[in-house]
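These protein sequences, in sequence, are chains A and B.
Note that the numbering used here has the first sequence beginning at 29, numbered continuously upward.
Note that the numbering used here has the second sequence beginning at 29, numbered continuously upward.
Idealized CB from N, CA, C, for every residue including glycine.
Written out below as structure tokens is the structure these notes cover.
Protein chains: 2
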Amino acid sequence: MNENITTPSTRGPQEHDVRDQVIEAATRHFGHYGYEKTTVSDLAKAIGFSKAYIYKFFDSKQAIGEVICSNRLAMIMEIVNAAIDQAPTASEKLRRLFRSISEAGSDLFFHDRKLYDIAAVASRDQWPSVQAHELRIRAIIQQILVDGREAGEFERKTPLDEAANAIFLILRPYVNAAQLQYNLDTVSEAAAHLPALILRSLAP
Amino acid sequence: MNENITTPSTRGPQEHDVRDQVIEAATRHFGHYGYEKTTVSDLAKAIGFSKAYIYKFFDSKQAIGEVICSNRLAMIMEIVNAAIDQAPTASEKLRRLFRSISEAGSDLFFHDRKLYDIAAVASRDQWPSVQAHELRIRAIIQQILVDGREAGEFERKTPLDEAANAIFLILRPYVNAAQLQYNLDTVSEAAAHLPALILRSLAP
Numbered sequence: 029m030n031e032n033i034t035t036p037s038t039r040g041p042q043e044h045d046v047r048d049q050v051i052e053a054a055t056r057h058f059g060h061y062g063y064e065k066t067t068v069s070d071l072a073k074a075i076g077f078s079k080a081y082i083y084k085f086f087d088s089k090q091a092i093g094e095v096i097c098s099n100r101l102a103m104i105m106e107i108v109n110a111a112i113d114q115a116p117t118a119s120e121k122l123r124r125l126f127r128s129i130s131e132a133g134s135d136l137f138f139h140d141r142k143l144y145d146i147a148a149v150a151s152r153d154q155w156p157s158v159q160a161h162e163l164r165i166r167a168i169i170q171q172i173l174v175d176g177r178e179a180g181e182f183e184r185k186t187p188l189d190e191a192a193n194a195i196f197l198i199l200r201p202y203v204n205a206a207q208l209q210y211n212l213d214t215v216s217e218a219a220a221h222l223p224a225l226i227l228r229s230l231a232p
Numbered sequence: 029m030n031e032n033i034t035t036p037s038t039r040g041p042q043e044h045d046v047r048d049q050v051i052e053a054a055t056r057h058f059g060h061y062g063y064e065k066t067t068v069s070d071l072a073k074a075i076g077f078s079k080a081y082i083y084k085f086f087d088s089k090q091a092i093g094e095v096i097c098s099n100r101l102a103m104i105m106e107i108v109n110a111a112i113d114q115a116p117t118a119s120e121k122l123r124r125l126f127r128s129i130s131e132a133g134s135d136l137f138f139h140d141r142k143l144y145d146i147a148a149v150a151s152r153d154q155w156p157s158v159q160a161h162e163l164r165i166r167a168i169i170q171q172i173l174v175d176g177r178e179a180g181e182f183e184r185k186t187p188l189d190e191a192a193n194a195i196f197l198i199l200r201p202y203v204n205a206a207q208l209q210y211n212l213d214t215v216s217e218a219a220a221h222l223p224a225l226i227l228r229s230l231a232p
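In structure tokens form, the structure reads like this:
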């Protein structure tokens with residue numbers, strides 16, 4: 029019916045550029061005025077596109093928010109991976125995971141508060157981007173456990189899944205933006221003492 | 029200037045009754061209509077007192093909310109203490125602390141949602157009642173650690189304060205109503221696996 033509606037896979041480079049342009053402008057706009065109170069009409073007016081034109085590329089405001097959120101979470105994953113990659117031991121990887129995740133989240137809160145608010149909405153409502161992010165963090169924890177068990181650093185009696193889940197539950201209040209805002213006072217204490225407690229629990 | 033303003037210590041039994049009456053009615057009213065969107069005027073109208081009369085007993089809406097919140101937190105503490113009191117070992121006390129706290133919080137969420145919302149506001153804004161509650165939970169954790177160390181159940185190398193803090197940080201997302209609402213899906217998993225991990229970390 030509508031020739032303008034295409035699936036992502038058939039979109040040409042030009043359409044891709046327009047999507048990027050909308051995202052870039054929306055990131056600036058939401059970053060200034062906030063996400064929850066801004067409508068697609070406000071956004072369209074501010075960036076000089078028609079509302080209908082924006083809807084050709086994105087189904088909803090949330091679809092735009094999702095891309096912004098995914099981009100930001102990808103940046104956080106880069107920080108986390110960079111922090112972990114060079115760690116000499118599994119124990120040190122675990123410490124760096126806690127530190128980098130909570131620092132990256134706090135930085136976003138203190139330096140980009142309005143974008144943090146998108147992450148908080150996304151976490152509260154468990155958007156797909158947030159679910160995927162949490163699964164990635166969960167997978168990193170599991171890999172650290174496997175490495176540490178193989179290297180003889182960690183005990184092997186506890187079922188791997190149970191140990192990984194419990195550690196993920198301990199880290200989650202610092203991963204999930206909706207919760208992190210209530211834990212900002214204790215972030216640095218948590219980033220030091222939580223991995224220390226976990227490492228005591230992992231002693232062979 | 030105003031003869032009707034008295035300090036709490038000089039209030040007679042009759043005034044005490046009126047305070048109780050206001051709290052009882054406010055608990056019902058907020059429990060039905062919610063706390064955040066209800067004004068003292070709404071409340072006064074609903075319970076048949078004048079707004080000025082209510083203000084003779086409470087400085088603000090928050091002062092009323094504080095009493096309701098304290099009452100509810102006292103009920104939760106009773107549940108927690110009853111669960112812990114009869115536990116045969118420090119390890120079992122720790123397990124029951126996690127279970128009772130998270131069950132009491134979830135019960136409030138699922139069965140008294142509007143009163144839960146008061147607790148969530150109180151936790152978000154760290155009302156004195158919530159701070160006192162968190163200190164009480166922190167003190168229970170410390171006492172369990174002392175008991176377990178004396179009984180030879182727990183290691184004694186880690187500074188007591190550090191161990192107690194770390195355990196409190198792990199439990200806090202289930203104590204703090206503002207955070208608990210994001211953890212409802214994993215409450216029962218958390219209540220089983222988190223104390224298990226902590227107990228592994230406490231092994232002598």
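Could you spell out where the alpha helix (DSSP H) holding residue i opens and where it closes?
| i | result |
| --- | --- |
| residue 84/A | 79–85 |
| residue 202/A | 188–203 |
| residue 144/B | 141–152 |
| residue 109/B | 89–113 |
| residue 222/A | 215–230 |
| residue 176/B | 156–178 |
| residue 71/B | 68–75 |
Starting from residue i, find everything on chain A with Cβ-Cβ shorter than 7 Å and list it in chain order.
| i | result |
| --- | --- |
| residue 207/B | 201, 207, 210 |
| residue 204/B | 210 |
So that I know if they touch, is there some Cβ in chain B lying closer than 7 Å to that of residue i?
| i | result |
| --- | --- |
| residue 198/A | yes |
| residue 235/A | Missing from the structure shown is residue 235/A; chain A here goes from 29 to 232 and no further. |
| residue 35/A | For residue 35/A, the pLDDT reaches just 45, beneath the cut-off of 50, and the residue's location in the model is therefore unreliable, leaving the point undetermined. |
| residue 228/A | yes |
| residue 44/A | no |
Kindly list, in the order they appear in chain B, the residues whose Cβ is closer than 8 Å to that of residue i.
| i | result |
| --- | --- |
| residue 221/A | 190, 193, 194, 197 |
| residue 152/A | 210 |
Consider the Cβ of residue i: report whether some Cβ of chain A lies at a distance smaller than 7 Å.
| i | result |
| --- | --- |
| residue 218/B | yes |
| residue 225/B | yes |
| residue 48/B | no |
Going along chain B, which residues have a C-beta under 7 Å from residue i?
| i | result |
| --- | --- |
| residue 214/A | 197 |
Is the distance from the Cβ of residue i to the Cβ of residue j below 7 Å?
| i | j | result |
| --- | --- | --- |
| residue 148/B | residue 206/B | yes |
| residue 173/A | residue 191/A | yes |
| residue 227/A | residue 119/A | yes |
| residue 132/B | residue 124/B | no |
| residue 208/A | residue 157/A | no |
| residue 225/A | residue 229/B | yes |
| residue 79/A | residue 72/A | yes |
| residue 97/A | residue 53/A | no |
| residue 122/B | residue 223/B | yes |
| residue 165/B | residue 203/B | yes |
| residue 116/B | residue 201/A | no |
Answer yes or no: does any C-beta atom of chain E fall closer than 7 Å to that of residue i?
| i | result |
| --- | --- |
| residue 119/B | No chain E is present in this structure, whose protein chains are A and B. |
Contact between the stretch 103–110 of chain A and the stretch 187–195 of chain A is defined here as three or more beta-carbon pairs at a separation below 8 Å; is this criterion met? No, because fewer than three Cβ pairs between the stretch 103–110 of chain A and the stretch 187–195 of chain A fall closer than 8 Å, the two stretches do not touch.
With three or more beta-carbon pairs closer than 8 Å as the criterion, would you say the stretch 125–133 of chain B touches the stretch 209–229 of chain B? Cβ pair count under 8 Å is three or more, so yes.
Between the stretch 139–153 of chain B and the stretch 57–74 of chain B, can you find at least three pairs of beta-carbon atoms closer than 8 Å? Taking a cut-off of 8 Å on C-beta distances, the stretch 57–74 of chain B touches the stretch 139–153 of chain B, as three or more cross pairs fall below it.
Tell me, please, whether the stretch 175–192 of chain B touches the stretch 71–90 of chain B by the rule of three or more beta-carbon pairs shorter than 8 Å. Contact between the stretch 175–192 of chain B and the stretch 71–90 of chain B is absent, because fewer than three Cβ pairs lie under 8 Å.
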